[in-house]
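Notes follow once the structure below has been shown.
Protein chains: 2
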Amino acid sequence: MTHCGREKLRLAGLRASRQRIALADILFAEGDRHVSAESLHAEALEADVSVSVATIYNTLNKFVEAGLLREIAIDSSKRFFDTKMSNHYHIYFEDEERLVDIAPGVLEIRNMPDAPEGTEVIGADILIRVRTSSS
Amino acid sequence: MTHCGREKLRLAGLRASRQRIALADILFAEGDRHVSAESLHAEALEADVSVSVATIYNTLNKFVEAGLLREIAIDSSKRFFDTKMSNHYHIYFEDEERLVDIAPGVLEIRNMPDAPEGTEVIGADILIRVRTSSS
DNA sequence: ATTTGTGCAAATCGTTTGCATCTGA
DNA sequence: TCAGATGCAAACGATTTGCACAAAT
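Protein sequence lines, in the order shown, are assigned to chains A and B.
Counting in my numbering, the first sequence runs from 1 upward without gaps.
Counting in my numbering, the second sequence runs from 1001 upward without gaps.
See below:
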């Protein structure tokens, strides 16, 4: 694992605590990732980094706020955090509860309506849901 | 208010209880609607239909299952149920927590990738998030 | 008569918060 | 030094569930 965590935090202007460095290392070492709070917590424990669930949530929220992560809502009881910040869309495998990037540039939105008067677009989410075909 | 509830239920093969009829009447009387469990409960009480929250949820879930409603996840603590079942997309006003349909046929997805081998697409959600522009 | 829905309250799940204690700058 | 991060457990809000009762077929 590379150790880019400290650097990431510095650039984002976040204080570099032991836990944050460890979590950032896990998140940003291996390219684009989709984690849930739960899976990140499990990974941290596995890597012998002792972190509480509260800190996982606080950290993920801070990272989103700081522009290091984006949040992706699947449904009311499932969400992911995505380390890829550039514009892209997702495909979700219902059976496996797995989220995958769609290659950037493939899927494309046409005729995006203008943001209504006095508003600005802060995000355009596309989620293609698939499941194992029954046929 | 028209009273199409009973008919809707019959078509969907759901038993027509008093509460379900009332909720279906509320939901399907006035064209396309976006409700939350909470707002629907409030509306029901206002219309002097006594329903428990549990029944609201049970009913909404049954309706989704039966193809009368679709669920739209905004984030981990906000979701709506949409009475419009035909293919269409949404714009979400963060400030007001309000969801609005995008006129069908306007926004269009290009180059939708094929569903991966052995899977079928069960939904394609597009959500444009806007907020009051700060400038 | 039998199956299915309902209400209530308690349980559950994911997430957030208060507070005392640590720790990085 | 001291603002800010952590851990813990308790609080929280949204949703689900168990069970006794009521209503629909």
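In this text, a Cβ means the ideal position worked out from N, Cα and C, and glycines have one as well.
C-alpha gap between residue i and residue j, whole angstroms
| i | j | result |
| --- | --- | --- |
| GLU1096 of chain B | THR1132 of chain B | 9 Å |
| ALA44 of chain A | GLY5 of chain A | 14 Å |
| VAL1051 of chain B | MET85 of chain A | 44 Å |
| GLU1117 of chain B | ILE74 of chain A | 22 Å |
| LEU40 of chain A | ALA103 of chain A | 24 Å |
| ALA1115 of chain B | GLU120 of chain A | 32 Å |
| VAL1035 of chain B | LEU107 of chain A | 30 Å |
| SER1017 of chain B | ALA1042 of chain B | 19 Å |
| LYS1008 of chain B | GLU1094 of chain B | 32 Å |
| ARG1010 of chain B | VAL1049 of chain B | 20 Å |
| ASP1025 of chain B | LEU23 of chain A | 50 Å |
| GLU30 of chain A | ALA37 of chain A | 18 Å |
| ILE1071 of chain B | ARG1129 of chain B | Inspection of the sequence shows that residue 1071 of chain B is occupied by Glu rather than by Ile. Those two C-alpha atoms are separated by around 17 Å. |
| ASN179 of chain A | ALA124 of chain A | In the structure as shown, chain A begins at 1 and stops at 135. Residue 179 of chain A is therefore absent and cannot be evaluated. |
| SER76 of chain A | ASP1082 of chain B | 15 Å |
| LEU14 of chain A | LEU60 of chain A | 12 Å |
| ALA47 of chain A | GLN19 of chain A | 12 Å |
| GLY67 of chain A | ALA12 of chain A | 8 Å |
| PHE1063 of chain B | HIS3 of chain A | 49 Å |
| ARG110 of chain A | ILE1109 of chain B | 6 Å |
| MET1112 of chain B | ASP32 of chain A | 22 Å |
| THR1055 of chain B | ASP101 of chain A | 37 Å |
| PHE1028 of chain B | LEU27 of chain A | 45 Å |
| ARG1079 of chain B | GLU65 of chain A | 22 Å |
| SER1134 of chain B | ILE1021 of chain B | 45 Å |
| ILE122 of chain A | TYR1092 of chain B | 10 Å |
| LEU69 of chain A | GLY1105 of chain B | 32 Å |
Residue i in three-state terms, based on DSSP
| i | result |
| --- | --- |
| VAL1064 of chain B | helix |
| ASP1125 of chain B | strand |
| ARG33 of chain A | coil |
| GLU1117 of chain B | coil |
Range covered by the alpha helix (DSSP H) that runs through residue i
| i | result |
| --- | --- |
| GLU7 of chain A | 5-12 |
| ASP1025 of chain B | 1018-1028 |
Local Cβ density within 10 Å of residue i, reported as buried at 16 or more and exposed below that
| i | result |
| --- | --- |
| TYR57 of chain A | exposed |
| VAL53 of chain A | exposed |
| HIS90 of chain A | buried |
| ARG98 of chain A | exposed |
| ILE1126 of chain B | buried |
> Which runs of the beta strand (DSSP E) spanning at least 3 residues fall entirely within the segment 1044-1107 of chain B, listed in chain order?
Replying inline: Qualifying beta strand (DSSP E) stretches, in chain order: 1070-1075, 1078-1082, 1089-1093, 1098-1102.
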